[in-house]
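In this note's numbering, the protein residues as written are 6 to 866.
Notes to accompany the following structure.
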C-alpha cells in the first residue's frame with residue numbers, strides 16, 4: 006500500500022521553494038541519483054530546477070531489494086507564483102500531487118538551504134564524472150548562487166583545482182574543461198568596475214638565459230645532421246615531421262580510423278570534437294585518390310607545424326612540404342584550395358605581399374576558410390596564419406629557425422635521421438616562451454571568454470524562457486538579472502554579432518575558426534587580465550619553472566607473415582627534471598644497469614629503482630629495487646549497485662606478488678620485524694606470506710605464488726639502463742582479459758549514459774523540448790555525441806514515464822543501471838593489443854622513455 010506523498014512548499018521571491026517525498030514502488034533495479042527519469046513537472050512550467058535528495062546507496066537500495074515496503078525519494082524544487090498547483094513527480098512513473106504553498110519566511114529560508122545543499126551536491130558529483138560535460142549545471146550553479154545570494158561550493162582537491170600548482174598552470178596553457186568551466190563561473194559573477202580599467206601589458210616571464218643542459222656542447226652539436234625542412238621552420242613552432250608523404254598519409258589515416266582521437270584505441274570516447282576537420286576545412290586541403298598515388302612522387306618531406314595548440318578555437322597551424330616536383334606540387338596545392346571557392350559562396354581568392362613575396366590567400370569573412378599558401382626555395386607552406394607565413398620566410402633566410410637551436414640539434418643527436426622514424430615530434434623552449442607570453446595569455450583568455458560568452462547567452466536565454474522572462478538579447482537578460490550587470494564587457498572594441506545559427510565575434514570570426522592569436526594585435530589589458538597573468542606567472546614558476554624542450558619519435562616495424570607489428574615510441578625531455586617531477590622524481594634512484602629477468606607466468610610486471618628516505622631503504626646509497634607483478638587469474642568481480650565491484654577480499658581478488666632487492670625497504674611496512682629467513686613461505690598475519698632467497702624478499706597473498714616465482718628471481722644486464730621497467734603480455738585467451746573486458750564495458754557504458762544523461766538533464770533543468778536536447782547539447786560541448794558502444798541516441802517513450810534519451814546499444818537490462826556485461830562485448834584494445842614493454846631513465850641531463858607496443862592490423866589503417 007502506498008503512503009500519501011508528503012509535501013512542503015513556501016512562497017518567496019524571486020522563487021518559492023518546495024519538496025515532495027513520494028513512494029517508488031518495487032520494480033526494475035534503479036539508481037535514482039544517476040537516473041534523469043526521476044524529475045517533476047508542472048503543467049504551466051512553474052516548477053523549476055528540481056533535484057533528488059542524496060541518500061546512502063544502501064538506504065536507497067533497501068526498499069528495492071525488500072519484498073514488502075516500497076522506498077521513498079525526496080525531490081526539491083523552486084517554483085513561480087503563489088497560487089496552489091498540481092505537480093507531476095516522475096519516480097520514474099508519473100504520479101500526481103496537489104501543492105498548497107504557505108507563507109513562512111523562516112520555512113522558506115530553511116527549505117531553500119536544503120534545496121541548495123542537494124543542488125550543489127549533484128553538481129559536485131557531476132564534476133567528478135569525467136565522462137559528463139556539466140556545462141548547463143555549471144551555468145545554473147554560478148547564476149543561481151549570485152541571484153539568490155547563496156554560497157558557491159568551495160573548491161576541493163579533485164574538484165576545481167586538483168593540484169594548485171602544476172596542473173593549474175597547464176590548465177591555463179591548454180585550456181582544459183576544468184579551466185573552461187572556471188571561466189564560465191567568473192563571467193557569471195558581478196565584477197567591480199575597477200577590474201575593467203585599462204593598464205599596460207604586463208612584463209613577460211623572465212626565462213633563464215641559458216641552454217637547458219648548459220653543457221657548452223654547441224660546437225659538437227654543429228656537426229649533427231638535421232633535415233633541410235627544419236631550416237625553414239620558425240624556432241617557436243611545434244614540429245611534427247613525417248619524413249615522407251607515405252608516413253603523413255599513414256598518420257592521417259590512423260587518426261581518421263579512430264575518429265580523430267587515438268585515445269579511442271583504449272576506451273572509446275563519447276564526444277567527437279572535430280577540431281581536425283575544422284583545420285582541414287580552414288586550410289582547404291583534402292587529398293583525392295590520385296593525390297595519394299602521386300603524392301610520394303612530388304613530395305620529399307612533410308611536417309605539421311604551428312605556433313600554438315589551440316585547434317579547437319582556431320590555431321596558427323600549417324602543413325609544410327619539401328617538393329620533389331615544384332610544378333606538380335604547386336598546381337595541386339592551388340587546385341585543392343580553389344575548391345573552397347565553389348563550396349563556400351563568400352570565399353574569395355587574393356594575392357597579398359608578405360616580406361616582399363607574393364602569397365595566395367583563400368578566405369571567408371567568418372574565418373571558416375583561411376588558407377595562406379606560400380613557397381620559398383623548394384618548400385611549400387599552407388597555413389591559417391599570416392604571422393606564420395612571415396616567420397616561415399624569415400626562418401628560411403636564416404632568422405631563428407628550428408635548426409639553429411642547440412636543443413633541436415640535441416634532439417637530432419638523440420634521434421638521428423638514420424633511424425628513419427615514421428613520426429618525429431619536437432617542441433622547443435621557444436614554443437613555450439611564446440605560448441606563455443603576455444600577448445598570447447591575454448588574447449587566449451579573451452577568445453576563450455568570447456567563445457564561452459555565446460554559450461552563456463544561449464543558456465541564459467533558456468533560463469529566462471524557463472522562468473517566464475521575455476527577451477533573449479544580452480541587455481534584456483541583464484535587466485532580468487539572469488546575467489550580471491557587467492557581463493561580456495570588452496575593452497578591445499569587439500562584440501558578439503547574432504547570425505543565422507549562432508554568433509560571430511566581430512574581430513575574431515566564427516567560434517571554432519577564430520583568427521589565430523599570433524595574428525591579433527597587442528593592446529592594453531584590464532586590471533583583471535593583468536592580475537590573471539601575474540597569477541599564472543606565479544603558479545607556473547612555483548610549480549613547473551622553466552618548461553623544457555620535449556621530443557618524441559614513433560617507429561614502425563612490420564611483423565613477418567601475419568605477426569603483430571611493433572610500434573616503438575621514444576620520448577626525450579631535455580633538462581634536469583627531478584625537482585619538477587615532485588615526489589616521483591625525488592624517490593627514483595640512480596639509473597641501474599641491471600634489472601629482473603622476466604618471470605614466467607607474469608602478465609603485468611613493474612620494477613623500479615628507488616631511493617626512499619631513511620630508514621625505509623637505508624642511508625648507504627646502495628641500489629634498491631622494488632618490483633611486483635600480476636599473474637593470470639579470474640578475479641571474483643560481481644555486478645552490484647550498478648557497478649562492477651570486488652566479490653571478495655584483497656587476498657582472493659588478485660594473484661600476484663611484491664618484492665624487493667637487496668633490502669626490504671618499503672616492504673617493512675608489510676613485514677614489520679618478522680622478515681623471512683628462508684625460501685619456504687612463512688605467514689605474515691592471516692592473509693599474507695613471505696619468503697627470501699639470497700637478497701630477494703618476496704610477498705604474496707598465496708604461498709603457491711611464492712613457490713612458483715622465488716626460484717626464477719635473478720638480475721640480468723638491462724637492455725636499456727634506467728629506473729623503471731614495465732612489461733604487459735598479450736592478454737588474448739587469458740582469464741585477466743575477461744576482467745579487463747568487464748571493467749572496460751562498465752566504463753564505456755558510463756560514457757554512453759553520460760551523453761544521454763546530459764540531453765535529459767537539459768529538458769529537466771531548462772524545460773527544453775526533448776526532441777531538441779541533443780542538438781543543444783552538441784552545441785554546448787562543441788562536438789558530436791557518439792555512443793562508444795556503437796549505438797544511436799534516440800528518444801525512448803515508456804508507458805507511464807517521460808520520453809528519455811537513451812542509446813540503442815544498451816540492452817534492456819542495462820538501460821538505466823548496469824546489471825550484467827553482455828557476452829558479445831569486446832573492449833577495442835583487446836582486438837589489437839599483443840604486448841608492451843617500457844623503460845624510463847631519469848638523470849641530470851634528460852628524461853628518456855622507451856615503449857614497444859605490439860599490435861595487429863585491427864588497430865592500423
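For each residue, glycine too, the CB sits at the ideal point set by N, CA and C.
These figures come from a predicted structure and were not determined experimentally.
Practice item. May I ask you to report which of helix, strand or coil DSSP gives residue 842? Key: Strand at residue 842.
Check your understanding: Apart from the five residues on each side of it in sequence, which residues of its chain come closer than 7 angstroms, Cβ to Cβ, to residue 753?
Key -> 272, 273, 793, 794
Point to revise | Host beta strand (DSSP E) of residue 101 (start-end) | key: Per DSSP, residue 101 belongs to no beta strand (DSSP E) and is neither H nor E.
Point to revise | residue 624 in three-state terms, based on DSSP | key: With a pLDDT of only 49 at residue 624, under 50, the local geometry of the prediction cannot be trusted, and the value read off the model is given with reservation. Coil.
Point to revise | Pairwise C-alpha distance: residue 802 and residue 24 | key: Computed Cα separation, rounded: 26 angstroms.
Review point. Where DSSP assigns a beta bridge to residue 28, which residues make up the other side?
Key: 77
Practice item. Pull up the distance between the alpha-carbon of residue 536 and that of residue 202, whole angstroms please. Key: 12 angstroms
Review point. DSSP on residue 890, reduced to helix/strand/coil?
Key: For residue 890 there is no data in the structure shown, the boundaries of the chain being 6 and 866.
Check your understanding: Which same chain residues, not among the five before or five after residue 242, have their C-beta less than 7 angstroms away from its C-beta?
Key -> 310, 311, 312, 407, 436
**Study point:** Between the CA atoms of residue 534 and residue 528 - distance to the nearest angstrom
**Key:** 12 angstroms
**Study point:** Whole-angstrom distance between residue 852 and residue 338, CA atom to CA atom
**Key:** 40 angstroms
**Study point:** Cβ distance (whole Å) where residue 670 is taken to contact residue 822 below 8 angstroms
**Key:** Their Cβ separation, rounded to whole angstroms, is 45 angstroms, which puts residue 670 and residue 822 out of contact at 8 angstroms.
**Study point:** As assigned by DSSP and simplified to three states, the class of residue 562
**Key:** strand
Point to revise | Pairwise C-alpha distance: residue 840 and residue 858 | key: 6 angstroms
Review point. Can you name the residues that DSSP bridges to residue 82?
Key: 23
Check your understanding: Which residues bound the beta strand (DSSP E) around residue 714?
Key -> Run containing residue 714: none in the beta strand (DSSP E); it sits in the alpha helix (DSSP H), 708-714.
Point to revise | 4 or more residues per run - each alpha helix (DSSP H) lying fully within the stretch 227-300 | key: Listed in chain order, the complete alpha helix (DSSP H) runs (minimum 4 residues) inside the stretch 227-300 are 250-262, 280-288.
Review point. Quick one, are the C-beta atoms of residue 119 and residue 131 less than 8 angstroms apart?
Key: no
Exercise for review: Kindly give me the distance between the Cβ atoms of residue 782 and residue 775, rounded to whole angstroms, as I take these residues to be in contact under 8 angstroms.
Suggested key: Going by Cβ atoms, the distance from residue 782 to residue 775 rounds to 11 angstroms, so no, they are not a contact pair.
Exercise for review: Spell out a yes or no on whether the stretch 585-598 and the stretch 695-710 are touching, meaning 3 or more CB-CB pairs, one atom from each, closer than 8 angstroms.
Suggested key: no
Review point. Between the beta-carbon of residue 788 and the beta-carbon of residue 278, is there less than 8 angstroms?
Key: yes
**Study point:** Contacting residues, own chain, Cβ-Cβ under 7 angstroms from residue 331 (five flanking each side not counted)
**Key:** Residues of the same chain with a CB within less than 7 angstroms of the CB of residue 331, apart from the 5 flanking positions on each side, are 383 in chain order.
Point to revise | Contact between the stretch 598-606 and the stretch 568-585 (3+ Cβ pairs under 8 angstroms) | key: no
Exercise for review: Answer yes if the stretch 173-188 comes into contact with the stretch 496-511, meaning at least three C-beta pairs across the two stretches below 8 angstroms, and no otherwise.
Suggested key: no
Check your understanding: If you compare alpha carbons, which of 111, 103, 376, 420 is closest to residue 573?
Key -> 420
Review point. Just how far apart, CA to CA, sit residue 77 and residue 815?
Key: 27 angstroms
Exercise for review: My understanding is that residue 658 touches residue 681, with C-beta atoms under 8 angstroms, so please give their C-beta distance in whole angstroms.
Suggested key: Actually they are not in contact, since the Cβ atoms of residue 658 and residue 681 sit about 23 angstroms apart, beyond 8 angstroms.
Check your understanding: What separation, rounded to the nearest whole angstrom, lies between the Cα atoms of residue 181 and residue 479?
Key -> 27 angstroms
Check your understanding: Between residue 391 and the rest of its own chain, which residues show a CB-CB distance below 6 angstroms, the 5 nearest in sequence each way excluded?
Key -> Excluding the 5 residues flanking it on each side, residue 391 has same chain C-beta neighbours closer than 6 angstroms at 524, in chain order.
Check your understanding: Since residue 368 and residue 374 are thought to touch, with beta carbons under 8 angstroms apart, how far apart are those beta carbons, to the nearest angstrom?
Key -> 6 angstroms
Check your understanding: Enumerated in chain order, which unbroken segments of the alpha helix (DSSP H) with a length of 4 residues or greater are wholly contained in the stretch 372-456?
Key -> 391-401, 411-419, 434-440
Review point. Which same chain residues, not among the five before or five after residue 849, have their C-beta less than 6 angstroms away from its C-beta?
Key: Excluding residues within five positions, the ones whose Cβ falls inside 6 angstroms are 581.
Check your understanding: Where does the unbroken beta strand (DSSP E) through residue 703 begin, and where does it stop?
Key -> 701-705
Check your understanding: Which full runs of the alpha helix (DSSP H) of 4+ residues lie inside the stretch 177-213, going along the chain?
Key -> 182-192
**Study point:** CA nearest to the CA of residue 3, picked from 489, 470, 445
**Key:** Residue 3 is absent from the model: the chain starts at 6 and stops at 866.
Check your understanding: Among 427, 289, 114, 212, which one has its Cα closest to the Cα of residue 247?
Key -> 427
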